[in-house]
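Structure record follows, encoded as structure tokens.
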Amino acid sequence: MDVSRALVDIAARSLIGIGDDITLPQYRVLVLVDGGTSRGVDLARLLGVHSSTSSRLIDKLVAKGLLDRRPDPQDRRSNALSITPEGHRLVTRVNARRRAEMQDLFEHLKPDEVPLVLEGLQLFNVAAAASGHGTPTAPTSTGDAR
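Numbering (my numbering), first residue to last: 498 to 643.
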């Protein structure tokens with residue numbers, strides 16, 4: 498539980514002061530849409546929430562200018578979502594802050610401990626993905642997990 502609290506702290510700190518008053522659930526939606534999820538129904542499934550909950554999250558992000566919502570040309574009953582340039586910049590800024598928080602954390606380890614922790618985190622990430630936890634993202638060229 499201590500590790501879980503530390504990870505939540507890092508996630509929360511990365512959002513503080515970015516000037517957009519974004520909650521963790523809203524940020525998660527931005528990451529999913531930035532990673533290629535483009536339908537509200539898919540967001541609800543990935544977030545594990547009712548479609549009305551994901552709709553409210555989407556409405557708030559559209560109102561903030563971070564997401565665009567347009568009729569889906571392939572399914573008139575649903576909308577297609579895309580991240581705006583400002584939304585993408587926000588995701589990039591938050592990711593940079595998370596990296597900085599993680600780097601700060603790693604500076605408190607002995608040099609020979611860093612590879613052990615990295616390996617443990619990679620295994621943790623594999624287990625999280627296999628069990629359906631975490632936030633799916635599109636693969637990046639560096640294999641960098643968000």
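Glycine residues also receive a C-beta, built at the ideal position from the N, C-alpha and C atoms.
Could you work out which residue in the options is closest to residue i when comparing CA atoms only?
| i | options | result |
| --- | --- | --- |
| Asp-556 | Val-614, Val-588, His-585, Gln-523 | Gln-523 |
| Gly-562 | Asp-518, Leu-620, His-605, Asn-622 | Asp-518 |
| Ser-535 | Pro-568, Gln-619, Met-498 | Pro-568 |
So, at 6 Å on beta carbons, what are the nonlocal neighbours of residue i in its own chain, with the 5 sequence-adjacent residues on each side left out?
| i | result |
| --- | --- |
| Asp-565 | Ser-579, Thr-581 |
So is residue i buried or exposed if we call it buried at 16+ other beta carbons inside 10 Å?
| i | result |
| --- | --- |
| Ser-551 | buried |
| Val-591 | buried |
| Leu-540 | buried |
| Val-528 | buried |
With a threshold of 7 Å on Cβ separation, who are the neighbours of residue i within its own chain once the five nearest residues in sequence on each side are excluded?
| i | result |
| --- | --- |
| Ala-635 | Low local confidence applies: a pLDDT of 44 at Ala-635 is under 50, so the model's placement there is unreliable, and no value is given. |
| Leu-554 | Pro-522, Gln-523, Val-526 |
| Val-538 | Ser-548, Ser-575 |
What is the DSSP secondary structure of residue i, reduced to helix, strand or coil?
| i | result |
| --- | --- |
| Leu-529 | helix |
| Leu-563 | coil |
| Leu-606 | coil |
| Ser-535 | coil |
| Pro-570 | coil |
| Ser-628 | coil |
Do three or more CB pairs link the segment 591–598 to the segment 510–522 at distances below 8 Å? yes
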